[in-house]
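In what follows, a single structure is set out as structure tokens and then discussed.
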Amino acid sequence: MAVGAPRWPGADEYGSRLETRSDEPRTQRGGLFALLAGAATTRPWRVLTIAGLLLVLAAPWAAGIFGHLAVGGFYAPEDPAARAEALLDSEFPGAPPNVAVLLTAAGGIDGPTPARLGRDLTTQLSGEAGVTAVVSYWGQAGRSELFRSRDGRSALILFRLTGTEDEVQKRLDQLYEKYAHRGPGVQVTFGGAPATMRDVTERGREDLERAELVTAPLVFAVLLYAFGGVTAALLPVLVGGSAVIASIALLRVLAEMTPISVFSLNLTTALGFALAVDYSLFILRRFWEEQRNGRTRADSLRVSLQTAGRTVLFSGVTVALSLTGALLFPLPYLRSYAFAGVAVVITSEVAALLLLPAAIMVLGDRIDARRQRWAGVEHPARHSGSMAGTLGRRDRRGRAGRRARREPGAVWAGIARMVMTRPLLFGGAAVAVMLILAAPLRDLTVALADDTVLPATSESHIVNDAMRDDFAICLPCQIPLVVPGVDARDPIAAAQLSGYAVAVSAVPGVARVDTAAGSFAGGHQVMPAPADGGSFIGVHGGTWLSLWPDHPDAVSAETREMIGRIRAVPSPFPVYAGGIAPHLLETRDKVVRSLPRAVGMVVLVTFVLLFLFTGSVVLPIKALVLNALNLAAVLGVLVLVFQEGHVGVLTEGLQISGTTELTSPVLMFCIAFGLSMDYEIFLLSRIREEYLRTGNNTRSVARGLGSTGPLITCAALALIVVMIGVATSGISIIRMVGVGLAVAVILDVTVVRAILVPAFMALAGDYNWWAPRPLRLLHERYGLHEGHAEGHPEETGERAESEFLPRPARWNYPVRTESGFRAFHGWDRYPSVEISEVYREPSSSRPEESSAKVSALFSEEESWALSGR
């Protein structure tokens with residue numbers, strides 16, 4: 001470039017943007033992170049006081065959340081099966097019962113005491129508000145055997161609770177208080193869908209309290225071992241606890257506006273606690289690292305927030321966007337997880353980016369850890385630059401070197417180097433292990449959540465199991481066929497209904513069909529019209545048919561085939577089928593149809609974000625492939641454990657039904673994908689930093705893994721401990737997701753990050769950072785990254801030969817080389833430019849002339865640096 005032809009604003013006559021060397025990393029001087037740093041460093045007490053007052057106000061509000069959570073949401077509200085349930089609630093007072101009362105007497109249900117109690121209970125329930133269609137063993141002449149167990153020790157009372165979901169639960173609570181009885185002679189227990197949801201709510205509250213009591217001390221123990229200081233270990237736990245309180249309060253607000261599932265509370269609050277702890281660890285590590293470099297406490301916080309804080313924010317956005325993939329499914333249950341998950345990510349980031357820095361400023365030197373074993377940073381005093389520290393390092397160089405080789409960071413770097421020496425061998429073995437773990441996935445069989453998600457000792461589970469196994473009538477198996485707008489009292493309509501009932505009763509798998517005109521089985525009418533035939537007549541016309549299958553398993557292949565044949569029966573009027581089996585088929589179809597959109601959105605968003613972070617199109621593809629492999633392995637483990645029951649210690653107290661709850665794989669995809677990208681971002685940020693500095697791919701991967709490996713290990717241990725707390729739940733779908741996320745993190749840290757990532761990056765070489773030129777220019781303008789490494793880029797052959805590195809190396813101060821003086825622009829918004837000679841000093845030039853020209857271009861400090869003194 002010719003002298004006197006500046007190529008960008010601010011360049012001198014030589015075309016170079018000359019800047020004074022500074023030890024400060026080039027970070028954004030304004031914006032969000034500067035405001036956070038300013039608030040934390042100048043007004044920490046005000047920040048903590050305001051946050052404390054808000055938490056005190058939020059705690060009572062959060063404590064009342066259980067009364068505002070939804071207990072359903074597993075069905076799409078616009079499905080035909082949901083339409084059938086809505087019509088039954090609104091049009092038919094004598095609709096199918098949804099509550100069962102089981103009376104059990106050790107000496108037989110026909111004894112005088114059980115008989116008297118049964119008759120009284122039938123009469124009393126008939127007079128309760130919101131209770132309709134009461135039928136029982138003691139009130140059904142000619143049908144009593146349907147309500148009596150085969151061993152003669154139990155009998156049923158069935159009825160329907162009407163009203164909204166909340167009204168049904170309140171009325172059921174009142175009935176529990178009045179009639180639930182466990183005496184020496186007779187036991188009275190409740191079953192049915194409302195009773196199941198009541199037990200789920202109660203069990204969820206107990207599990208949440210137990211998990212909080214278990215996980216917080218265990219996480220503190222992990223951090224205490226890692227940091228060696230009580231204050232340093234306690235601070236992330238307190239930040240996580242604050243995030244949990246804020247998360248539950250925010251969920252309470254969301255529950256007032258949209259249904260939030262009771263199932264989502266345990267998992268999302270645990271996730272919020274784990275993320276808050278993880279984010280605190282990353283910021284603390286950077287803070288200690290900056291202190292090691294000799295910065296003041298305030299400066300260390302500013303740099304930490306503008307570097308690691310930016311990465312934390314970016315990581316949280318990635319996790320939140322992964323969770324929003326659940327919004328594309330039509331199930332309120334899954335959508336509530338998306339809303340709740342985004343809420344807890346927000347509170348976790350606010351706690352880590354605002355409360356943590358303020359607490360660091362207030363605590364002062366007490367926050368310094370004595371032994372940052374897993375943080376990858378030694379105590380700042382060891383690197384203070386003092387004379388004593390220098391002499392100590394010289395005197396103990398041999399011991400220090402041996403100790404450094406034993407540090408976890410050196411171990412992780414050594415693993416990376418070992419893998420990269422034989423990437424095909426190690427990578428192939430790791431892929432083989434993951435595929436073996438994923439193999440059981442081919443046997444996946446899905447089902448909807450019902451009473452089987454509860455422990456086998458749960459009351460509602462016991463009652464529903466008894467109806468399935470010991471009675472001729474199986475309330476959970478009933479399939480109502482709703483025919484709106486058809487009056488069964490009209491002779492023509494009645495004849496059409498009878499013909500339709502005859503055809504349906506002839507379908508293989510159908511045991512009986514009850515209608516207003518009688519009962520039908522095997523294509524024939526077997527019983528005349530019942531005395532209570534009016535219960536099949538709607539308030540505004542219409543009717544319904546009660547279908548009883550001969551197979552109690554709603555998810556079996558036989559039941560699915562039966563539903564298909566019923567739908568194929570010609571009908572002169574529209575028919576809506578309700579019940580568990582139709583719900584399962586329709587919901588599964590909806591999930592399957594929505595899955596490509598959700599996966600596509602999560603993959604696209606993740607690809608774009610990782611590209612903006614790395615400037616590469618290869619690394620995002622690598623991350624997506626490895627995370628998909630990890631997810632397949634995790635799902636295979638879940639099928640092996642929870643569907644097939646091969647690891648009894650993990651399923652103790654649960655019922656192995658031979659199925660996997662339908663929404664669990666979807667949740668695993670959204671949450672595990674986000675968490676994997678969380679660790680991916682922290683790892684790639686350091687690898688990219690080293691690569692830009694050295695241009696050496698192998699060295700960059702080893703240093704990046706060695707730098708972040710101990711920290712990611714510590715964060716992963718904290719997350720695993722939290723998920724183990726979730727996995728102590730007695731609700732199978734919550735335990736399944738807790739175990740699944742713990743396995744996902746273990747595989748991610750040990751197999752993916754330690755083996756597959758180094759193996760892939762060794763094989764790809766410099767092409768890890770490849771992107772088409774238009775995308776490279778886009779990344780230079782809009783890219784997101786934590787910042788550059790401390791110090792200046794190294795003059796290496798790899799840097800000179802790599803076509804994927806900036807030209808020139810982005811040094812932020814002039815540098816003297818063997819051929820003369822070269823000045824390079826800094827880390828700023830200007831594009832990379834060719835190397836511009838400030839002054840080339842030939843061998844025959846006069847030294848005094850060279851010195852005069854250099855002095856004219858640079859300040860005294862810069863000239864001193866350039867002179868090499």
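Here full-length UniProt numbering is used: the first residue of the sequence shown is 1, the next is one more, and so on.
Even glycine gets a Cβ: it sits at the ideal position worked out from N, Cα and C.
All figures in this text were calculated on a predicted structure; none of them were measured in a lab.
- In this structure, G541 keeps its C-beta atom at 9 Å or more from the C-beta atom of P480.
- Looking at the DSSP output, Y576 shares a beta bridge with V482.
- With respect to T614, R560 sits apart: the two C-beta atoms are not nearer than 9 Å.
- Every alpha helix (DSSP H) of 4 residues or more that sits fully in the region 710-798 is shown, in chain order, as 732-747, 757-764, 773-782.
- For P530, the closest C-alpha among the options V539, W544, D514 is that of D514.
- H181 sits exposed, since fewer than 16 C-beta atoms from the chains shown fall within 10 Å of its C-beta.
- For Q655, the secondary structure class from DSSP, reduced to helix, strand or coil, is coil.
- Per the DSSP secondary-structure output, W544 pairs in a beta bridge with V482.
- Where I537 is concerned, there is no enclosing beta strand (DSSP E), because DSSP gives it neither an H nor an E.
- Under a 10 Å Cβ-count criterion, R310 is classified as buried, with 16 or more other Cβ atoms of the shown protein chains found around its own Cβ.
- T49 is classed as exposed because its beta carbon has fewer than 16 other beta carbons within 10 Å across all chains shown.
- V504 is positioned such that its CB atom lies closer than 9 Å to that of L545.
- Counting only the Cα atoms, I733 lies some 15 Å from V743.
- Buried is the label assigned to I755, since at least 16 other Cβ atoms lie within 10 Å of its Cβ.
- When rounded, the separation of the alpha-carbon atoms in R735 and M723 is 9 Å.
- G240 places its beta carbon less than 9 Å from that of A276.
- From the listed residues E177, P194, D151, R150, the smallest Cα separation to L158 is found for P194.
- Here the region 345-352 lies against the region 272-289, with 3 or more beta-carbon pairs under 8 Å apart.
- Here the alpha carbons of L55 and S685 stand approximately 34 Å from one another.
- Here S336 is near S264, since their CB atoms are less than 9 Å apart.
- Under DSSP, L156 shares a beta bridge with L102.
- Judged by DSSP secondary structure, V253 falls within the alpha helix (DSSP H) whose first and last residues are 230-257.
- Of the candidates P80, T196, A115, L271, the residue whose Cα lies closest to the Cα of V745 is L271.
- In the displayed model, E661 falls within a strand according to three-state DSSP.
- Taking all protein chains shown into account, W45 has fewer than 16 neighbouring C-beta atoms within 10 Å of its C-beta and is therefore exposed.
- Taking the Cα positions, K622 is about 8 Å away from F760.
- With a threshold of 16 other beta carbon atoms within 10 Å, Q478 meets it and is buried.
- Residue range 186-192 is occupied by the beta strand (DSSP E) that includes G192.
- Counted as a single uninterrupted DSSP element, the beta strand (DSSP E) harbouring T515 occupies residues 510-515.
- Excluding its 5 nearest sequence neighbours in each direction, Q655 has C-beta neighbours in its own chain below 7 Å: T452, A456, listed in chain order.
- By the neighbour-count criterion, in which a residue is buried when 16 or more other Cβ atoms sit within 10 angstroms of its Cβ, R203 is buried.
- In the DSSP annotation of this structure, A521 is not part of any alpha helix (DSSP H); the continuous beta strand (DSSP E) holding it starts and ends at 518-521.
- Here DSSP, grouped into helix, strand and coil, assigns A70 to strand.
- If you draw a 10 Å sphere on the C-beta of M562, you find 16 or more other C-beta atoms in it, and that means buried.
- Taking a 10 Å sphere around the C-beta of T296, we find fewer than 16 other C-beta atoms and assign the residue as exposed.
- Around the Cβ of Y691, a 10 Å sphere holds 16 or more other Cβ atoms; the residue is buried.
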